[in-house]
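Colleague: The numbering used here applies: residue 1424 is where the sequence shown begins, and numbers increase by one.
Sharing a structure below in structure tokens format, with a few things to ask.
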Amino acid sequence: MSDPRFFEDVSVGERCVTASELITREDIIAYSQSFDPQPMHTDEQAAKDAPFGELVASGWHTLSLTMRLMVEAKPFGSTPLIGMAVDEVRLFKPVVVGMTLHAEAEVVEVKGSKRTDRGYARVVVRTVDDEGEDVVRQVWTVVLPRGNQDEGAWRL
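This is how it looks when you write it as structure tokens:
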């Protein structure tokens, strides 16, 4: 496991690029059957008559995938991604079978907290397709522990 990163270790302008994931028909249908069971996500035939004209991933699927890719990339080392807010979520284009997606993140602000054991980072997170176009953009506020405490002492 990688070392933890603390609030003091994080700087504006830091970037992280995740691994990529191929979107499959099976992934779209499985996710949507559990979490967004609309025909445009679960039934290829019905999707042909839906607004996108083909099977598309749920926006929630894309957002969930982005979260997993970011967790696996460990932008803050072994420090977990603890979200305080998700703002400005924008879905720019549908995600279809055969697309390959990855996430790109940039720290745009760091600020301390009134509490001395933590600080916050605002991170612009973009989900990007294989053509380099954004499919989703969101702004996360994550809480980070400060490094000035005994190991294991930090609690929300």
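Yeah, the Cβ is synthetic: ideal placement off N, Cα and C, and Gly gets one too.
On the three-state DSSP scale, how would you describe Val1520?
Modeller: coil
Colleague: I want to know whether the stretch 1435-1446 touches the stretch 1524-1542 - three or more CB-CB distances under 8 Å.
Modeller: yes
Colleague: Please state if the CB of Arg1491 and the CB of Gln1561 are separated by a distance shorter than 9 Å.
Modeller: no
Colleague: Below 8 Å CB to CB, which residues in the same chain sit around His1484 once its five sequence neighbours on both sides are set aside?
Modeller: Asp1450, Ile1451, Tyr1454, Ser1455, Phe1458, Asp1459, His1464, Val1518
Colleague: Compare the beta carbon distance of Gly1506 and Pro1427 with 9 Å and say whether it is the shorter of the two.
Modeller: no
Colleague: Taking all protein chains shown into account, do 16 or more other C-beta atoms lie within 10 angstroms of the C-beta of Phe1515, making it buried, or fewer, making it exposed?
Modeller: It is exposed - the Cβ of Phe1515 has fewer than 16 other Cβ atoms within 10 Å.
Colleague: Which same chain residues end up closer than 6 Å to Val1558 when comparing Cβ atoms and leaving out the 5 residues on each side of it in sequence?
Modeller: So the list reads Phe1515, Lys1516, Val1518, Thr1550, Asp1552, once near-sequence residues are dropped.
Colleague: Could you spell out the range, first to last residue, of the alpha helix (DSSP H) harbouring Ser1487?
Modeller: Note, Ser1487: alpha helix (DSSP H), 1482-1496.
Colleague: So, helix, strand or coil for Ile1451, using DSSP?
Modeller: helix
Colleague: Can the beta-carbon of Leu1488 be found less than 9 Å from the beta-carbon of Glu1556?
Modeller: no
Colleague: Tell me which same chain residues have a C-beta within less than 6 Å of the C-beta of Thr1523, skipping the five on either side of it?
Modeller: Ser1443, Leu1445, Asp1553
Colleague: For Gly1542 versus Leu1567, is the C-beta distance shorter than 9 Å?
Modeller: yes
Colleague: For Val1435 versus Val1531, is the C-beta distance shorter than 9 Å?
Modeller: yes
Colleague: Figure out for me which residue from Thr1502, Trp1563, Phe1429 has the closest Cα to the Cα of Glu1511.
Modeller: Trp1563
Colleague: Quick check on Ser1481: buried or exposed, where buried means 16 or more other Cβ atoms within 10 Å of its Cβ?
Modeller: buried
Colleague: Could you name the residues of the same chain whose beta carbon sits closer than 6 Å to that of Val1547, not counting the 5 residues immediately before and after it, in chain order?
Modeller: Glu1529, Val1531, Val1562
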